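All residue numbers for the sequence shown refer to this note's numbering, where the first residue is 69 and numbers rise by one.
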Amino acid sequence: MPSPLADPVTLPCGLVFRNRLSKAAMAEALGGKSHSANETLTSAYVPWAKGGWGSILTGNVHVDVNHLGSPDDPALHTEYNGDPALVAQWKQYADACQEHGVPTLVQVCHPGRQSFRGAGTRGLFGQSVAPSAVPVKLGDGLFERLLATLLWNKPREMTKADIERVVRQFVDTARLMADAGFSGIELHGAHGYLIVRGFVLINWFFFVDQFLNPKTNIRTDEYGGTPEKRAKFVLDIIAEIRKVVPPKFAIGIKLNSADHSSATFEETMTQIKLLAEAGIDFLEISGGSYEDPKMMGISEPKSERTAAREAFFLEFAKTVRSRYPELVLMLTGGFRSRTGAESAVRDNACDLVGIGRPAAVDPHFAALLLDESVPEEKAVLPLKKAPTPWILRWIPLKIVGAGAETLYYASQIGRIAKGLATFAPGM
Ligand SMILES: Cc1cc2nc3c(=O)[nH]c(=O)nc-3n(C[C@H](O)[C@H](O)[C@H](O)COP(=O)(O)O)c2cc1C
């Protein structure tokens, strides 16, 4: 029987992904001190462009250079007014990604309250901004509180003018990416990753999630108070982007599964309904938090049933599917084999399979899964837990496990960019 993974998927905007395997977004931290689409960042995508993927999602690109997730993230520096030199810089990146016809979407984000001190041009003491002035919490213990204070400033609640400015920054970034020739963008509304000078890594939630979530959005104006109002920020972004990009430019969003949002299940469903009505081209489902880094699959043993099916968030994807059958769904997290990916598609849990860490070890992993001459037992890349560097071992927090995973795979991406061989953990 031919693999369902080889089937093309047409998004509502008309963009076609030639198969169902998507290279998931992974922050490269290769933007350097210029925070640009430089040659090193571009080089990382040369092997992925030839890897058989149906689509590629880039790592996060920040909409405001003052507020970054890591000191080496690429970002938009000023208001975008069609500057030809800037378009040329991003175009060489887009061209490298799409040289072999693979539509590439840029993951666009703002870290909000979780822009760590020193990440971004606002300096060590420059305040971060957030829907509400709710500081990041790593836990209640003295150590956790101290660490959080060291890493993050207390955010300032955004004024309406701040919100409108950030919406414009998202729109500017999307317009630049469209002008540069990318095929679309993905808004990052799930967990994120902090890559501090290439060695400490922490995951956290991005701006879009900070607005959607009642724990971080306690506003009482038109941007908070109900699930609908908390969704206004992201809905405004989507509506404004649509006005300025070509009709075939895709707009997707990555969200946490309901068990990882402090919103209730029904509130999350309401927000997904609003996103579907806003005409998003796809919804990517992920999950996890710094308290429970499930997206890395390291927090708790998987049930036998889930292990057989690989994907971390399969059941949630199925629920979304049953509620909103028209929505194109991407499911990311845990896929390591053709069998696992095929079973998720055959079970109708998702249309698209997002693959992160295996793609950082084998940029051609999609081609391997699609190659019918490769037997089932060889179309697989089992990955052991990544080793925790000694310097992180003394930190008694779950985030360290997720950090070690991210650190390991970020270093593999660095090796891809340099044209070096990559290795699975423990090899
Ligand atoms: C090094 C690294 C960087 C990541 N950066 C991002 C990111 O920028 N944006 C994002 O949405 N997810 C990011 N992720 C999460 C992946 O997209 C994916 O959700 C997660 O790794 C689980 O999928 P997997 O089991 O296939 O790796 C990152 C993961 C890794 C390993």
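No residue lacks a Cβ here, since even glycine has one placed at the ideal position from N, Cα and C.
Values in this document were obtained by computation on a predicted structure and should not be read as measured data.
**Item:** Pairwise C-alpha distance: E445 and D439
**Value:** Cα to Cα, D439 sits roughly 13 Å from E445.
**Message:** Measuring straight from C-alpha to C-alpha, what distance separates I309 and V174?
**Reply:** Going by the C-alpha atoms only, they are around 14 Å apart.
**Message:** Could you check whether the Cβ of R425 sits closer than 7 Å to any heavy atom belonging to ligand 1?
**Reply:** Yes, the beta carbon of R425 sits closer than 7 Å to at least one heavy atom of ligand 1.
**Asked** Can you list, in chain order, the stretches of the beta strand (DSSP E) that have 3 or more residues and sit fully within the region 379-419?
**Response** Counting only runs of 3+ residues, the beta strand (DSSP E) found wholly inside the region 379-419 occupies 397-400, in chain order.
**Item:** H103 - partner residues in DSSP beta bridges
**Value:** DSSP lists no partner for H103.
**Message:** Tell me whether E345, by its Cβ, gets closer than 7 Å to a heavy atom of ligand 1.
**Reply:** Relative to ligand 1, the beta carbon of E345 is positioned no closer than 7 Å to any heavy atom.
**Request:** Return the bridge partner residues of K228 from the DSSP annotation.
**Result:** According to DSSP, K228 bridges with nothing at all.
**Item:** Environment of V312 [buried if 16+ CB atoms lie within 10 Å]
**Value:** By the 10 Å Cβ count, V312 comes out exposed.
**Prompt:** Is DSSP giving I348 helix, strand or coil here?
**Reply:** Of the three classes helix, strand and coil, the one that applies to I348 here is coil, per DSSP.
**Prompt:** CB G401 to CB S354, shorter than 8 Å?
**Reply:** Yes, Cβ-Cβ distance for G401 and S354 is below 8 Å.
**Prompt:** In chain order, what residues of the same chain have a beta carbon less than 8 Å from the beta carbon of D240, not counting five sequence neighbours either side?
**Reply:** Around D240, the same chain offers V131, L144, E147, Y148 as residues with beta carbons nearer than 8 Å, after the five sequence neighbours per side are excluded.
**Message:** Restricting to runs no shorter than 4 residues, where is the alpha helix (DSSP H) found entirely within the region 124-190?
**Reply:** Counting only runs of 4 or more, we get 152-166.
**Request:** Quickly, what does DSSP pair I481 with across the bridge? List them, please.
**Result:** Answer is none; I481 lacks a bridge partner.
**Prompt:** Relative to the alpha-carbon of K91, which residue among W158, E254, F238 has its alpha-carbon at the smallest distance?
**Reply:** Checking every option, the nearest Cα to that of K91 belongs to E254.
**Request:** Report buried or exposed for E410, applying the criterion of at least 16 other Cβ atoms within 10 angstroms of its Cβ.
**Result:** By the neighbour-count rule (16 or more Cβ atoms within 10 Å), E410 is buried.
**Asked** Which whole-angstrom value describes the C-beta separation of E296 and T338, a residue pair presumed to lie in contact below a C-beta threshold of 8 Å?
**Response** About 7 Å separates the Cβ atoms of E296 and T338, confirming a contact at the 8 Å cut-off.
**Asked** Is the beta carbon of F381 within less than 7 Å of some heavy atom of ligand 1?
**Response** No - ligand 1 has no heavy atom lying nearer than 7 Å to the Cβ of F381.
**Prompt:** Which partner residues does G252 have in the DSSP bridge list?
**Reply:** Beta-bridge pairing links G252 to L173, A318.
**Nearest candidate by alpha-carbon position, reference L125, set Q160, L89, L98** = Taking each of Q160, L89, L98 in turn and checking the Cα distance to L125, the smallest one comes out for L89.
**Message:** Helix, strand or coil for V239? Go by DSSP, reduced to three states.
**Reply:** It is helical.
**Item:** Distance, A447 Cα to A428 Cα
**Value:** Looking at the two C-alpha atoms, the distance is approximately 16 Å.
**Asked** Which residues mark the beginning and the end of the beta strand (DSSP E) in which L89 is found?
**Response** From DSSP, the beta strand (DSSP E) with L89 extends over 89-91.
**Prompt:** For W183, does the count of other Cβ atoms within 10 angstroms reach 16, so buried, or fall short, so exposed?
**Reply:** Here residue 183 is Ser; the residue named in the question, Trp, does not match the sequence. Counting Cβ neighbours within 10 Å, S183 comes out buried, since at least 16 surround it.
**Asked** So P295 is in the alpha helix (DSSP H); what residue range does that whole segment cover?
**Response** 295-298 is the extent of the alpha helix (DSSP H) around P295.
**Asked** Hey, is the region 111-122 in contact with the region 207-221, meaning 3+ C-beta pairs nearer than 8 Å?
**Response** No, the region 111-122 does not touch the region 207-221.
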